[in-house]
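K.L.:
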Amino acid sequence: MPAPTAGTVDDVDRPRLAPYVRLTFDPARDGYVLLAPESVSVLNGTGATILELCDGRRTVAEIVAELCARYDGVDGAEVRRFLTRLVAQRTVVVDPGVAGGAGHG
Amino acid sequence: MDRPFGLLAELTYACPLHCPYCSNPLNLADYGEELTTAEWLRVLAEAKELGVLQVHLSGGEPLQRRDLVEIVRGAGELGLYTNLITSAIGFSPRRAEQLRAAGLDHVQISVQAAESALSDRIAGLPSFERKVAAARLTKKLGWPLTLNVVLHRGNIDGIARILDLAEELAADRIELANTQYYGWALRNRGALLPSRAQLERAETAVRTARERLKERMEIIYVIPDYYSRYPKPCMDGWGRRQLTVVPNGDVLPCPTAHTLPLPRAGVREHSLAWIWERSPLFRRFRGTDWMPDPCRGCDRRELDFGGCRCQAFQLTGDAGRTDPVCHLSPDHGVVIEAVRAANGTSSAGRPEAVFVPRPHPRRSAG
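Going down the list, the protein sequences come from chains A and B. Under the numbering used here, residue 105 is the last one in the first sequence; the count climbs by one each step, no gaps. Under the numbering used here, residue 1366 is the last one in the second sequence; the count climbs by one each step, no gaps.
1. Restricting to Cα atoms, I'd like to know which of B:N1248, B:V1150, B:R1278 and B:R1284 is closest to L1262 (chain B).
2. Cβ closer than 7 Å: which chain A residues qualify as neighbours of Y1081 (chain B)?
3. Can you find the residues in the same chain that come closer than 7 Å, C-beta to C-beta, to G1307 (chain B), ignoring five residues on each side of it along the sequence?
4. Report the three-state DSSP secondary structure of G1190 (chain B) (helix, strand or coil).
5. Thinking I1085 (chain B) and H1056 (chain B) are a contact (beta carbons under 8 Å), I'd like their distance in whole angstroms, please.
6. Is M1001 (chain B) buried or exposed, if buried means 16 or more other CB atoms sit within 10 Å of its CB?
7. Give the residues from the segment 1168-1182 of chain B that approach chain A closer than 9 Å (Cβ to any Cβ), ordered along the chain.
8. Anyone know if the C-beta pair for Y1227 (chain B) and R1196 (chain B) falls short of 8 Å?
9. If you run the structure through DSSP and keep just helix, strand and coil, what is R1073 (chain B)?
10. Report yes if the CB atom of V1246 (chain B) is closer than 8 Å to the CB atom of A1265 (chain B), and no otherwise.
11. Beta-carbon separation of N1083 (chain B) and D1067 (chain B) under 8 Å?
12. Roughly how many angstroms separate the alpha carbons of L35 (chain A) and A1102 (chain B), rounded to a whole number?
13. Using the beta-carbon count (16 or more within 10 Å), is Y1031 (chain B) buried or exposed?
14. What residues in the segment 1045-1063 of chain B have a beta carbon less than 9 Å from any beta carbon of chain A?
15. Tell me which residue opens and which closes the beta strand (DSSP E) that D1010 (chain B) is part of.
16. N1343 (chain B): which of B:K1139, B:V1052 and B:A1191 sits nearest, CA to CA?
17. Could you run through the segment 1133-1162 of chain B and flag, in chain order, every residue whose CB is less than 7 Å away from some CB of chain A?
18. Could you say which of A:V42, A:P15 and A:V74 lies nearest to G31 (chain A) if we only look at CA atoms?
19. Can you check whether the C-beta of A1348 (chain B) is within less than 8 Å of a C-beta belonging to chain A?
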């Protein structure tokens, strides 16, 4: 498997949570949070849904399509910006899209 | 009211190292009556209820607590993300495997320098080789690894070699934080505060390494606040995001707040929620109403919260004043004086590398 890369996400990339990051529900705040070494990010509902779809198998394009099927008014560019930001923070890693799929999972 | 995100659990002040910049209290002997395992598990449950998501298990040396594995397991069962902050002394393969099985999430190991002779001299104990072995073991067992290095006059020139070491050990993160001048470090400030030239060289080394390692390692670099124009946003605001529980159960808004002349509040007498929400200690500097001039009318009052209360107290005798690090503070002269001494051409007035080593405290329970 090719090494995960950081940078801007492409439609063919397959994002997943970084190995040490946990997506979890926080009853005290009634919302989802991302826990990583020495850091906490509070997510809004959309952010949590996107991250639940980041399973290392779906491509970014497939994630956007899934969101569009579930909700009205999904902005694909915004989803890509959100993921790019998390990749820069190393919270999300992407297995680069290669011809024939990355064969993950 | 804000809910806390993180709990710093200082499990014990026992520590085999003798670092001269230790942030533990000077009167270590006062903290010997340590909380029991059951008390810590109760504190963690109350913390979770209050909104805490991360627990930083620290000390002293947390591995000195025989019940560390139990405490980690309890935190994990509550869904808390657990960080172990250790000197690595006591991190044997057996103990590490037990911690892994108990669900510990992340290991942070302190290193004093990139060479064993200097690292051991600063730590006051032959420990460097054990730290390197522990770092390798951490990665081998599949944990994320953070190295943390407290920087000062005596090791900052080796920062590039420290970064090389971190790369060789495949660290995921490195925290390069200049010493903060409290407790033992304030006592040793003359020997610890680096010069401006040293800081400039260090920043260049950090920039180069960030460029080279950007996809592999997160590099956190913190300058000494004595060289800043504005103070640090201490704890992101008093009683706002973090709380600390010290070995005897006292709860503090920050780990050095024991130095302040404020009423204490402890988990043996009160619930964590009462302490967070209602104790006079946590309410004293919460928000902005307490602020004096020049903070009161400053645009930055919600960015840096007036800086650090402990630093204001240590340098002016009044915890309610503006942090003297701020160039707008009427007390800024005391910081200018310390910086001038650190940049003098001769060592006159600067006690050259005369460290007062931190002693090893006595303790009872645990």
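Every residue, glycine too, gets a C-beta built ideally from N, C-alpha and C. Keep in mind that this is a model prediction, so the values were computed, not measured.
P.N.:
Answer, in terms of the structure:
1. Here residue 1262 (chain B) refers to the residue found at position 262 when the second sequence is read from its first residue. Residue B:R1284 is the option with its Cα nearest to L1262 (chain B).
2. The residue you call residue 1081 (chain B) lines up with position 81 of the second sequence. Ordered by position in chain A, the residues that pass the 7 Å Cβ test against Y1081 (chain B) are R22 and L35.
3. Position 307 of the second sequence, counted from the first residue, corresponds to residue 1307 (chain B). For G1307 (chain B), the CB contacts under 7 Å within the same chain, skipping 5 residues up- and downstream, are P1231, K1232, C1234, T1322, D1323, V1325 and C1326 in chain order.
4. As a working mapping, residue 1190 (chain B) is identified with position 190 in the second sequence. The answer is helix: DSSP assigns G1190 (chain B) an H, G or I state.
5. Looking up residue 1085 (chain B) in the second sequence gives position 85. Looking up residue 1056 (chain B) in the second sequence gives position 56. The C-beta separation of I1085 (chain B) from H1056 (chain B) comes to about 6 Å, placing the pair in contact by the 8 Å criterion.
6. Looking up residue 1001 (chain B) in the second sequence gives position 1. The residue is exposed, with fewer than 16 neighbouring Cβ atoms inside 10 Å.
7. Of all residues in the segment 1168-1182 of chain B, only D1172, R1173 and E1175 come within less than 9 Å of chain A when Cβ atoms are compared, listed by chain position.
8. In the second sequence, the residue the question calls residue 1227 (chain B) occupies position 227. In the second sequence, the residue the question calls residue 1196 (chain B) occupies position 196. Their beta carbons are under 8 Å apart, which means Y1227 (chain B) touches R1196 (chain B) by this criterion.
9. If you number the second sequence from 1, residue 1073 (chain B) lands on position 73. Three-state DSSP puts R1073 (chain B) in a helix.
10. Your numbering for residue 1246 (chain B) matches position 246 in the second sequence. Your numbering for residue 1265 (chain B) matches position 265 in the second sequence. No, the Cβ-Cβ distance between V1246 (chain B) and A1265 (chain B) is not below 8 Å.
11. Here residue 1083 (chain B) refers to the residue found at position 83 of the second sequence. Here residue 1067 (chain B) refers to the residue found at position 67 of the second sequence. Cβ distance not < 8 Å, so N1083 (chain B) and D1067 (chain B) don't count as in contact.
12. Start at 1 with the first residue of the first sequence, and residue 35 (chain A) comes out as number 35. Start at 1 with the first residue of the second sequence, and residue 1102 (chain B) comes out as number 102. If I take the Cα positions, the gap works out to 18 Å.
13. Reading the second sequence from its first residue, position 31 is the one you call residue 1031 (chain B). The residue in question, Y1031 (chain B), is buried, as its Cβ has 16 or more Cβ neighbours within 10 Å.
14. Residues K1048, E1049, L1050, G1051, V1052, L1053, Q1054 and H1056.
15. For the purposes of this step, residue 1010 (chain B) is identified with residue 10 of the second sequence, where counting begins at 1. According to the sequence shown, residue 1010 (chain B) is Glu rather than Asp. If you look at E1010 (chain B), you'll find it in the beta strand (DSSP E) that goes G1006 to E1010.
16. One-based indexing of the second sequence puts residue 1343 (chain B) at position 343. Considering only alpha carbons, the answer is B:A1191.
17. Within the segment 1133-1162 of chain B, the qualifying residues are P1144 and T1146.
18. As a working note, residue 31 (chain A) is residue 31 in the first sequence. When A:V42, A:P15 and A:V74 are compared, the shortest CA-CA separation from G31 (chain A) is found for A:V42.
19. Taking the second sequence and counting its residues from 1, one reaches residue 1348 (chain B) at position 348. Confidence at A1348 (chain B) is low in this model, with a pLDDT of 45, below 50, so its placement is unreliable and no value can be given for it.
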